[in-house]
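Enquirer: Heads up: the sequence shown begins at 363 in the numbering used here, then just goes up one per residue.
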Amino acid sequence: MTSQLAETQFALKGHGFSRAASPLCPRPALAAEGMQATETGNPMTGKMDELRVGDQVFRYDRDLTRQAYVSIRTGGAEECGCSYCGNFAAQRSLAYPAGFLSLLDQLGIDANKEGEVYELGLVEGLRLYGGWLFFAGELIEAGERLSPDAGTEFEFHITDPKRLPKADVSFGDRVLAVDFTTRIPWILEEEP
Ligand SMILES: [Zn+2]
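#1: Please find out if some non-hydrogen atom of ligand 1 comes closer than 7 angstroms to the beta-carbon of Y422.
#2: Indicate whether I520 and L456 have their beta-carbon atoms separated by less than 8 angstroms.
#3: Just to confirm, is the Cβ distance from G443 to K475 under 8 angstroms?
#4: Rounded to whole angstroms, what's the CA-CA distance from Y422 to G492? Just pull it up for me.
#5: Run the CB neighbour count on L526, radius 10 Å, all protein chains shown included, and call it buried at 16 or more, exposed below.
#6: So F462 and F533 are supposed to be a Cβ contact under 8 angstroms. How far apart are they, rounded?
#7: What are the complete beta strand (DSSP E) segments, minimum 3 residues, inside the stretch 437–516?
#8: Closer than 8 angstroms by C-beta to L538: which residues in its own chain qualify, once you throw out the five before and the five after it? Chain order, please.
#9: Per DSSP, what are the beta-bridge partners of Y422 in this structure?
#10: Compute the distance between the beta-carbons of S445 and E552, then report whether it is under 8 angstroms.
#11: First and last residue of the beta strand (DSSP E) that includes R435?
#12: Of the residues A451, L413, L426, which one's Cα is nearest the Cα of D535?
#13: Considering only C-alpha positions, which residue in the set R414, E440, G505 is nearest to Q453?
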């Protein structure tokens, strides 16, 4: 199975969670079954670099990705406005390790403009969040998605986003997403 839902459930097995068991951000995080991202928009700029991250290999178009992010107003968390997303937005700088931020910069991704985040419940006193950031690129080797940071509280992998809600702006005809899970405290006065 390659659906994003299946991937998410698989990724969360180790945490003893399933999406249905936890309060979720009210925004639907996943596209309806069978929904495909439509392929429209600008052609690739033609400058594709290849990168290996963990056991995954992919090509990415930094310039096209940077162009796309200029047109994105805010991150998905601000766009939603629920308290779960608000808690994430309030401490986004703590949500990503430095090495991950470097990767996002290399790919041309604005770290403040995630496609979407969703909250998955409490784990050892911290809030588990998942989310993704789009970029222009294509997968060469999908790998087993063994995160280089596996074993820490932060995990990520590169995924084909065709089952995710479509990005608000065009990333060209080949789009990938960096899919992550991270744990952060609840810092809002408002209880979840
Ligand atoms: Zn929300």
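Cβ atoms here follow ideal geometry from the backbone N, Cα and C, with glycine treated the same way. Please read all numbers here as calculations on a predicted model, not as lab measurements.
Expert: On the basis of the supplied data:
#1: No - ligand 1 has no heavy atom lying nearer than 7 angstroms to the Cβ of Y422.
#2: No, they are not a contact pair.
#3: It is not a contact, given that the beta carbons lie outside the stated cut-off.
#4: Roughly 22 angstroms separates the two Cα atoms.
#5: By the neighbour-count rule (16 or more Cβ atoms within 10 Å), L526 is buried.
#6: Going by Cβ atoms, the distance from F462 to F533 rounds to 19 angstroms, so no, they are not a contact pair.
#7: Correct list: 478–485, 488–503.
#8: Correct list, in chain order: F420, Y422, F496, F497, A498, G499, E500, L501, I520, T521, D522, P523.
#9: Within the DSSP secondary-structure output, Y422 pairs in a beta bridge with D411, G499.
#10: Result yes, Cβ atoms of S445 and E552 sit closer than 8 angstroms.
#11: From DSSP, R435 is part of no beta strand (DSSP E); its letter is neither H nor E.
#12: Of the candidates A451, L413, L426, the residue whose Cα lies closest to the Cα of D535 is L426.
#13: Cα-wise, what sits closest to Q453 is E440.
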